[in-house]
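Residue numbers (the numbering used here): 5 to 318. Here a beta-carbon is modelled for each residue, glycine too, at the ideal position from N, C-alpha and C. Note that the structure is predicted; figures quoted are calculated from it, not measured.
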Amino acid sequence: MEEPVLLPNYKRLAQKLELVLFTYNRAPYLNHALTQLQGSPFSFCKITILDNCSTDETPAVIQQHIACFPNMVYERNKINIGGNANILRAAERSNGLYTWLICDDDEFDFSNCDDVIDVVLEEKVDLIHVGGHGTKPWQLAGITATPKELMAKGYHFVNNASFVPASLFRTQVFYDSLDEAYQNIRNWYPHLVYTFKFYTDNKLVYLAKNRIVTASVGRAGYNYDDWLDRWVNTSFLMKQSSDRRKVFFDVYNGEKKLITLARLTLHAFKKKISFFSLFKVFYLYSVPGLLASIFYLAGIGLLYPFIKNIGKKD
């Protein structure tokens, strides 16, 4: 491959930012992701492909693309260490001042990302949000504020941060939380440990003008009860009960808390989630809420024979 002629900012960006793409057995999606990255401003950065011991055509896909990137490295784990552990392994692979961890199956839009490049080059903040879930319009774009300020304005900071590629971060900040992050692997969200510190410490976050990456939908393999239990546990990383509630309910995109509680209660009676998980949610909501939930559930139990067919009528 011929040495690319880099625009000055892209060359400077490559000196400060590294990307790590973690993947496992998604060769077709990986092919699409790498195709999207080609020719983007970020394609000149060092890009490490961290393969969690795939058994499909992943190595062949990487070989098809590697010549299109001036600084791409392919690394393969000796064994499959699990998806959440691989997130942390990916972060450890970066030696850049900033790091962007990306997945193998999401959608990118690099048509308007100059503001993000400028923020990295000027080292204005330690965390940049560049994307998230596509369920709501991208709003409040191009501003710098604390997570609490962003959430007060309607931005779902925690919900988007739960999506790993949403965050482009100063590498050392992630490393400072690495030990605690490993302890939260069992709860599926090791990467939120450092994010929560931005919330509690009121550190500034830059929100990109454009949603550069959008999470894919419909490819997760977990069941709802497992997810709910682990999301409650992750929310308890927050020390203050009020912060726990804000973190937990933010994932529901601003839905009224009582509506969420009612919906989860119906899920429990329909056996979509366990009552143990439901009690944990009420306890997180408040201790009095847990006590009230006993009477609440008793009342719902009496009414359930009349409402159990609600879903069947839709």
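Where Phe26 is concerned, the enclosing beta strand (DSSP E) starts and stops at 21-27. When secondary structure is reduced to three states using DSSP, Gly138 falls in the coil class, being assigned neither helix nor strand. Secondary-structure assignment with DSSP links His160 through no beta bridge to anything. Partner residues in the beta bridge of His133, as assigned by DSSP, are Ser171, Leu211.
Rounded to whole angstroms, Lys50 and Leu262 show a C-alpha spacing of 47 Å. Inter-segment contact for the stretch 229-243 and the stretch 269-289 is present: three or more beta-carbon pairs are separated by less than 8 Å. Under the three-state reduction of DSSP output, Trp104 falls in the strand class.
Between Leu125 and Phe202, the C-beta gap is not smaller than 7 Å, which leaves the two residues out of contact. Along the length of the stretch 58-107, whole beta strand (DSSP E) runs at least 3 residues long occupy 76-80, 102-106, reported in chain order.
A residue is called buried once 16 or more other Cβ atoms fall within 10 Å of its Cβ, and Leu11, having fewer, is exposed.
Its chain contains Asn13, Leu17, Pro45 as the residues whose beta carbon lies nearer than 7 Å to that of Ile121, once the 5 sequence neighbours on both sides are disregarded; these appear in chain order. Within the same chain, Tyr193, Leu196, Val255 come within 7 Å of Ser166 by CB-CB distance, once the 5 residues on both sides are set aside. Taking C-beta atoms as the reference points, His133 and Leu211 count as a pair closer than 7 Å. Separation of Arg249 and Thr204 (C-alpha to C-alpha, rounded to the nearest whole angstrom) is 13 Å.
In the DSSP annotation of this structure, the continuous segment of the beta strand (DSSP E) that includes Thr148 starts and ends at 147-149. Distance from the CA atom of Ser47 to the CA atom of Pro74, rounded to whole angstroms, is 8 Å. Shown here, Ile263 sits in a helix according to DSSP, grouped into three states. Here Lys213 has Asn116, Asp119, Ala145, Gly146 as same chain residues with Cβ atoms under 7 Å from its own Cβ, once five neighbours each way along the sequence are excluded. The beta carbon of Ala170 lies closer than 6 Å to those of His133, Gly135, Gly136, Asn164 in the same chain, with the five residues before and after it left out. Excluding the 5 residues flanking it on each side, Thr39 has same chain C-beta neighbours closer than 8 Å at His69, in chain order. Residue pairing by DSSP places Glu111 opposite Thr218 in a beta bridge. Per the coordinates, the alpha-carbon of Leu265 lies some 33 Å from the alpha-carbon of Thr148. It is roughly 20 Å from the alpha-carbon of Glu153 to the alpha-carbon of Leu241. According to DSSP, Thr52 shares a beta bridge with Val24, Val77. For the 7 Å CB-CB criterion, Lys20 and Leu101 form a contact.
Counted as a single uninterrupted DSSP element, the alpha helix (DSSP H) harbouring Ile121 occupies residues 118-126.
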